[in-house]
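Counting from 1, one number per residue, gives the positions in the sequence shown under my numbering.
Glycine residues also receive a C-beta, built at the ideal position from the N, C-alpha and C atoms.
As the structure is a prediction and not an experimental result, all values here were calculated from the model.
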Amino acid sequence: MRIVVLAGGIGGARFLRGLKSAAPDADITVIGNTGDDIHLFGLKVCPDLDTVMYTLGGGIDEEQGWGRADESFTVKEELAAYGVGPGWFGLGDRDFATHIVRTQMISAGYPLSAVTEALCDRWQPGVRLLPMSDDRVETHVAVTLDGEKRVIHFQEYWVRLRASVDAEAVVPVGAEQAVPAPGVLEALAEADVILFPPSNPVVSVGTILAVPGIREAVAAAAAPVVGLSPIVGGAPVRGMADKVLAAVGVEATAAAVARHYGGGLLDGWLVDTADADAVAEVEAAGIACRAVPLMMTDVEATAAMARAALELAEAVR
Ligand code: FO1
């Protein structure tokens, strides 16, 4: 079975670990969000691609959900000693090697998709990891700081500000000019199932869908499209999805996110048992809906969610 997953960072990566356990014989292609990418110290950092690669490859810092396990920060400390910032983004020594290899290969002319394939040769994530595009897309957030309107990089909003101020707009800069990476449209066309994991619907799945051609390919795909709500009981399970949902005028509820994706895209939607009362509302939007436990407390719980998503896909096929 060919499964395609549009994945962001931590939530997407954790879901993929459960999906691999639930469907060990499936061919899984991950279309990874690159809107979180940031250029620091002359290096290209791809947080969501790295989180998927490290999580499935066994190198992730489990508690954080990002960065490497057994990390040290000597290079970061030395940079700070030179007064070279920013200091708010925690790049570890082991992680730096990934960004050095990536930047070196890009400087040599390799596209991001080829670089990602090369990095995955080491990590063997057990899925095919494709960036959504080889073109540069970087999400920026419009905010008001000290009475002044500013547009800042998503990572500054997310990590330095901890999303403590309202996001007035979320802009995937470069998305209009971006082209889907090689293999992305083909994977969607050939998929047996397409899944939207519990990733951020605005800055992760939303950014992937903002690359011209990808939303259309998902909508046109023969495969059933099933999503899992990242919102449980009116709040995001992790991260600050509610902040960016507000920026696009979407209420932080399981049903509102389903309607945000729309019946034109989604065939099925899983909500947590805490949101069982949302099932009728989602079904009224033309999207088949079931309430199952959606807390990814461990691989087995996540595998059960993945099985429920695959079962719903068969039910709507
Ligand atoms: N998230 C944080 O909350 N604090 C950090 O210092 C931080 C550093 C970091 C370094 C590399 C990397 O790949 C991810 C990192 N993240 C950090 C997570 C990152 O902001 C998020 O994983 C995604 O951008 C959102 O999914």
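Hey, would you say residue i sits closer than 8 Å to residue j, going by beta carbons?
i	j	result
alanine 318	alanine 169	Absent from the structure is residue 318, since the part of the chain shown begins at 1 and ends at 317.
valine 193	valine 226	yes
alanine 181	leucine 130	yes
alanine 258	aspartate 242	no
arginine 102	leucine 119	yes
valine 137	alanine 191	no
lysine 20	isoleucine 28	yes
glycine 126	alanine 306	no
alanine 301	proline 293	yes
aspartate 298	serine 229	no
isoleucine 214	valine 244	no
alanine 163	methionine 240	yes
Give me the Cα-Cα distance between residue i and residue j, rounded to the nearest whole angstrom.
i	j	result
alanine 13	threonine 51	7 Å
aspartate 61	valine 279	35 Å
proline 86	leucine 270	39 Å
aspartate 267	alanine 222	11 Å
isoleucine 287	valine 165	33 Å
leucine 282	cysteine 289	One detail in the question is off: residue 282 reads as valine in this sequence, not leucine. Taking the straight line joining both Cα atoms gives about 6 Å.
valine 171	proline 212	15 Å
serine 107	serine 72	27 Å
alanine 256	glutamate 77	43 Å
methionine 295	glycine 8	17 Å
threonine 207	aspartate 70	31 Å
glycine 233	alanine 309	19 Å
glutamine 104	serine 113	14 Å
alanine 284	valine 115	44 Å
glycine 262	leucine 188	18 Å
aspartate 121	proline 24	19 Å
glycine 83	leucine 91	16 Å
alanine 81	glycine 65	28 Å
valine 151	alanine 291	38 Å
For ligand 1, is there any heavy atom lying closer than 7 Å to the beta carbon of residue i?
i	result
tryptophan 66	yes
aspartate 61	no
proline 47	yes
aspartate 134	no
glutamine 155	yes
leucine 6	no
tryptophan 158	yes
isoleucine 287	no
aspartate 50	yes
phenylalanine 89	yes
glycine 42	no
Among the candidates the options, whose CA atom is the shortest distance from the CA of residue i?
i	options	result
valine 203	Gly11, Met1, Ile3, Ala221	Gly11
proline 224	Glu314, Glu117, Gly18	Glu314
glutamate 117	Thr34, Met53, Ala241	Met53
tryptophan 88	Phe154, Leu310, Leu19	Phe154
aspartate 37	Leu188, Ala309, Ala175	Ala175
valine 75	Leu40, Gly109, Pro47	Leu40
alanine 26	Arg2, Leu49, Pro47	Arg2
tyrosine 110	Asp121, Thr98, Asp134	Asp134
So residue i and residue j are supposed to be a Cβ contact under 8 Å. How far apart are they, rounded?
i	j	result
proline 197	valine 45	So it is not a contact: roughly 22 Å between Cβ atoms.
glycine 57	tryptophan 123	3 Å
isoleucine 100	leucine 16	That belief does not hold up - the Cβ atoms of isoleucine 100 and leucine 16 are roughly 26 Å apart, past 8 Å.
methionine 132	asparagine 33	6 Å
Is residue i a contact residue of ligand 2, with contact defined as CB to any heavy atom under 7 Å?
i	result
tryptophan 123	No copy of ligand 2 occurs in the structure displayed; its ligands are ligand 1 alone.
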